Amino acid sequence: MKLICTVCPQGCEITVKKNDEGWHVEGNRCKRGREFALQETISPMRVLTTSVWIEGGDHKLVSVKTDRPIPKEKIGEAIGELCDITINAPVGRGDIIIKNIADTDANIIATRDVRLSS
Amino acid sequence: MRVQVDVAIIGGGPAGLAAAIACHDQGIQDILILERDRHLGGILQQCIHTGFGLHRFGEELTGPEYAHIFIDGVKDRNISYLLDTMVIEIRKDKIIYALNSEKGLIEIEAKAIILAMGCRERTRGAIQIPGDRPAGVYTAGMAQLLVNMEGYLPGKEIVILGSGDIGLIMARRLTWEGANVKMVCEIMPYSSGLARNIRQCLDDYDIPLLFNHTVVKVHGSKRLEGVTIAEVDSNRVPIPGSERYIECDTLLLSVGLLPENELSEGANVLLDEITGGPIVDEYRHTSVDGIFACGNVLHVHDLVDYVSEEAEIAARGVARYLKGDKSDSRISISHGAGIQYTVPHIISSRDEDVELFFRANGIYNDGMIQLTYGKDILYTKRYNHIVPGKMERIRIKKDILRQLDMEGNIRISWRQREDELSDEAHMYSLSTGM
Amino acid sequence: MYDILIIGAGVIGASVARELSRYDLNIAVLEAREDVATATTAANSAIVHAGYDCIPGSLMARFNVEGNGLFDEIKSELDIPFKRTGSLVLAFDDEDKRMLEKLFIQGEKNGVEGLEIISRDEVMDREPNINPNIKSALWAPTAGITCPYELTVAYMENAIDNGVKLFLEHTVTGLSKDRDGSFTVITSKGKFRALYIINCAGVQGDMISNMLGLEEFSIIPRRGEYLLYDRKYGNTVNSVIFQPPSRRGKGVLVTQTVDGNLLVGPNAEDITSREDISTTNSGLDYVYNMAKRSIPDLTRKGVIRTFAGLRAISDTGDFIIGPSTEIEGLFHVAGICSPGLSAAPAIGKELARIIGEHVGSLREKTDFNPYRCAIPRFKDLSLGEQQRLIDKDPRYGRVICRCETVTEGEIIEALHRSLPVNTIDGVKRRTRAGMGRCQGGFCTPRIMDIMARELHVSMEDITKCGADSNIVVGKIREKREREMKTI
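Protein chains in written order, with the numbering used here: chain A, 2 to 119; chain B, 121 to 554; chain C, 22 to 508.
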């Protein structure tokens, strides 16, 4: 599998192969590149950022994210759990909106303050 | 209402906020930020994805989180700001007219002004895509505002023109919201977006990215029904016969950003035709005495981290200006082969090292950037790779600047590696001071 | 039963409605679209021509010159933008010079005042950006610029204020003459009856006539494409710059608009569709290249919008104004292509005269109000006036469209006038919000918010230009659509 490393802007083209001895990484210029390539190949992780409806606040929506990367294939399930959820203002940055989203151990947390609308 | 301030900052986005904080930390007390939106934070408020602050804070923040750090900084310092306030005129004598519904017309007399209005998106009209004019053709940023701030989906079957970062981010965002993003067309043979965004926003969801493709016609009398796309040749002209009709209800444009300088022009600030932003010195002082500029109003940045950094440079400039420090020189920077633009455009003092920011005008591999002064080579830096999508920087030491004429010219150019040998001896003898 | 039904609410229908609203008549206007001034009226050169290029003796010549003369009165009564900028026809060679002579003589015959052939140097003095290789030019001081949709809105608002009823989104689908001599008009939203019908249906004019089994004339849609430039370029020219006319029209012109933009166009292409207002690469290239003949330094850099409009060309070669030759009680105002806008004020008055003649005598209303006030244009007010407006209504202190400095107060006013508006394009035509360099990228969501609040509708119901042109398709976070492509 070929991929462009996105750890830094250098953009190394990395090839990852699996043979009898295990995973084989080529083209990276640093250790972080190797880790990135392996992670991306074996189990890519992503931070989900989206928003949730909020009532009574000075914003219509509160932006949220997973507080740590979750497996890429869990994104759909996580979004599904966020459907039809409406919370009430106020909310502060970092507040947990949903615990253990999609059984990933990650929490959905607010990324902005939403105050009560005046 | 009439007020007097030391520094008026036009715009409470990332540039304005960082400039305000840095001005305060330079000892300036009387600062006023004028923000047209109901919240501070500017465009970051709608950029709810991560990717901000890696350089500055060593972690990946979302736009609102990045903005909040600076909003808190402004509030902690009790810096004044006016929200929902539109500046309608800046005069070259540094009188500002602004407007809000609470105070009506506000006349602000400032000792110094920092322009931090940011940029706007290029539109369909600007790139002149022919065809019908239905609903459903939006800039990516407007779609982002609709989705992230208002909670509405602009459409369900989506084609994106332009692979700038906002377009890529919106491809993923709309996919997550259940829309079908059919493709991203990019007229160039490369993307100006970050590699990471191509991977995480397109590749993750098998959204095709078509290089050398553009939209040549828009179809639909009421709501968009489809677009005709075509492949382009190396001059970016559509190739006859390559047209394809793509059914869609939404066309998002991510075709470039333009610094928003109508207010600056009203104040007689001279602009650079390439960047669309003011011509500035190393303190981001524009051609008008006491008016400074930073952030995307000056030139479009790749990363907000660099915007914050530039705002701090401008704030230092303002502090110097208010103290009465005068410039002692006017060294101009001109660009040679391979260079699209530089910021600053001139160097007006030789007290400090100067960081020269520049962008390439194409993709170049295996060569170097050279600064020359007449026949002398001042500095050489090797690059494996430079691309227009990434802003580069070079630090020019003050010792070097002091050796130059007050009105001299430094030329910055890209050179392929094979050209280098003949000049090598000369180069090393001069660059030892760097 | 209405006394008069006017079909079509373009500038012609609106002018006719307003002029007839002076009299004691029961009048209704039927318009297929969601607003007035959406078709030909919305997309043309916006020029009030002097009248030298119409063939002497034609209806075009008569109504152009008469209409031009009425614009000052209309401006003061209806508070519309109008500026006599004068126009120049450039001569690039000797043949063109002969053409100028011909136009000059024609103009004199048509009664155009102040025509003058001026030297190259004089032209360059007035218009420093013009091609220095020109030989001379025809100067027509009475030519001017206006805003066709503002004029139409003004006419229609004034007509409504004087009792005319306007039915939007009422497409006429059938028309019959009844035994008692009156007409039945079938529309997409119900039947109407009237004693007289005035056909002001623009490019659909012959189709209205066809519904009664008539083939008195036919209309050929001729499409013209335009490039509109940022206000920064508005001062490129001071007057309307023409090239010598040809059989197919007045050629590509360059002009400032009343809003300060630069407008270049049109080309002229006869097409079969009566709805196709798409722009084309070749058309826009042609317009640009022709305009460059007049203004050599013109680039395409400052273009903020391209658009096209259809002109209704009749096969008679002239305007068709007056009673049908076949059916009593039916009146046509058809084939009103250029100089239709210039002629509109005179055509309205002529229709009132013709109807009066037909009916015998029309009784003037004692309470007819000829005046209409425009929506305050915040940007154009003095600082003192601006402050007074905000003191009266703080919503004039909130700028919604940054490019054109349009305030919330202006938008709210537009939503609640006697001719109300409920589309994004309608708000744009009334207030200019969204017409600037960012083309609504910044203000459209904000205008939608205001509309949703003021009109008590949901964001999903707000359209760009009527049914099926919704801006958004639904709320996020709704389960129904959630099926992700690939994860």
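For each residue, glycine too, the CB sits at the ideal point set by N, CA and C.
All of these numbers come straight from a predicted model, not from anything done at the bench.
Could you check whether the Cβ of residue i sits closer than 8 Å to any Cβ belonging to chain A?
i, result
"A315 (chain B)", "yes"
"R513 (chain B)", "no"
"D324 (chain B)", "yes"
"I489 (chain B)", "no"
"I163 (chain B)", "no"
"G495 (chain C)", "no"
Quick check on residue i - is its C-beta less than 8 Å from some C-beta in chain B?
i, result
"G34 (chain A)", "no"
"V26 (chain A)", "no"
"T112 (chain A)", "yes"
"P466 (chain C)", "yes"
"S335 (chain C)", "no"
"P169 (chain C)", "no"
With residue i as the anchor, note down where its beta strand (DSSP E) starts and where it stops.
i, result
"K231 (chain B)", "224 to 235"
"C305 (chain B)", "300 to 306"
"L319 (chain C)", "Per DSSP, L319 (chain C) belongs to no beta strand (DSSP E) and is neither H nor E."
"F389 (chain C)", "Taken as a continuous stretch (DSSP letters only), F389 (chain C) belongs to no beta strand (DSSP E), as it is neither H nor E."
DSSP beta-bridge partners for residue i?
i, result
"D392 (chain B)", "BP columns for D392 (chain B) are empty, so no partner."
"K100 (chain A)", "BP columns for K100 (chain A) are empty, so no partner."
"F561 (chain B)", "Only positions 121 to 554 of chain B appear in the structure, and residue 561 (chain B) is not among them; the question remains open."
"K271 (chain C)", "Note: K271 (chain C) sits in no beta bridge, so no partner."
"S403 (chain C)", "Paired residues: none, contrary to the question."
"A67 (chain C)", "Looking at the DSSP assignment, A67 (chain C) forms no beta bridge with any residue, so it has no partner."
"V408 (chain B)", "DSSP lists no partner for V408 (chain B)."
"T327 (chain C)", "C:L248"
When you compare the CB of residue i with every CB in chain C, is at least one pair closer than 8 Å?
i, result
"S221 (chain B)", "yes"
"V254 (chain B)", "Rather than Val, the amino acid found at residue 254 (chain B) in this sequence is Pro. Cβ-Cβ to chain C under 8 Å: yes for P254 (chain B)."
"I208 (chain B)", "yes"
"S119 (chain A)", "no"
"C31 (chain A)", "no"
"G261 (chain B)", "yes"
"M554 (chain B)", "Residue placement at M554 (chain B) cannot be trusted, given a pLDDT of 34 that sits under 50; what the coordinates show is reported in the next sentence. It does not: the Cβ of M554 (chain B) has no partner Cβ on chain C nearer than 8 Å."
Who are the Cβ neighbours of residue i in its own chain at under 7 Å, not counting the five residues just before and after it?
i, result
"I359 (chain B)", "A350, E351, V352, D353"
"L476 (chain C)", "L436, N443"
"S490 (chain C)", "T484"
"A473 (chain C)", "S479, M480, I483"
"A387 (chain B)", "I210, R211, K212, V408, I411"
"I168 (chain B)", "T182, G183, P184, N268"
Between which residues of its own chain and residue i is the CB-CB distance below 6 Å, once the five residues before and five after are set aside?
i, result
"V48 (chain A)", "K66, T67, P70"
"F412 (chain B)", "I234, R404, H405, A434, G437, V438"
"F331 (chain B)", "E306, P309"
"R326 (chain C)", "L249"
"L152 (chain B)", "V125, A128, S200"
"L181 (chain B)", "F172, G173"
"S452 (chain B)", "I466, N529"
"D96 (chain A)", "A111"
"G418 (chain C)", "I411"
"R467 (chain C)", "I421"
"V474 (chain B)", "E402, I467, I516"
Since residue i is in the alpha helix (DSSP H), which residue starts that stretch and which ends it?
i, result
"R242 (chain B)", "Neither: R242 (chain B) is in no alpha helix (DSSP H) and is coded neither H nor E."
"A175 (chain C)", "169 to 182"
"M81 (chain C)", "80 to 99"
"L476 (chain C)", "465 to 476"
"R292 (chain B)", "285 to 296"
"H144 (chain B)", "134 to 145"
"P184 (chain B)", "183 to 196"
Can you list, in chain order, the residues of its chain whose CB lies under 8 Å from that of residue i, leaving out five sequence neighbours each side?
i, result
"I43 (chain A)", "W24"
"S118 (chain A)", "G57, G58, D59, A90"
Worksheet entry | Sequence ranges, alpha helix (DSSP H) only - wholly within the region 411 to 445 of chain C, length at least 4 | Taking only runs of at least 4 residues, the alpha helix (DSSP H) segments lying wholly in the region 411 to 445 of chain C are 429 to 436.
Worksheet item: In chain order, which beta strand (DSSP E) runs of at least 3 residues are fully inside the region 410 to 443 of chain B?
Response: The DSSP assignment places complete beta strand (DSSP E) segments of no fewer than 3 residues inside the region 410 to 443 of chain B at 411 to 413, in order along the chain.
Worksheet item: Where in the region 308 to 381 of chain B do unbroken runs of the beta strand (DSSP E), each at least 3 residues long, occur, reported from the N-terminal end onward?
Response: Fully enclosed beta strand (DSSP E) runs of 3 or longer: 329 to 331, 333 to 339, 346 to 351, 364 to 367, 370 to 373, 377 to 379.
Item to complete: With a floor of 4 residues, list each alpha helix (DSSP H) that falls wholly inside the region 358 to 382 of chain C, ordered by position along the chain.
Response: Within the region 358 to 382 of chain C, the complete alpha helix (DSSP H) segments of 4 residues or longer fall at 361 to 380, listed in chain order.
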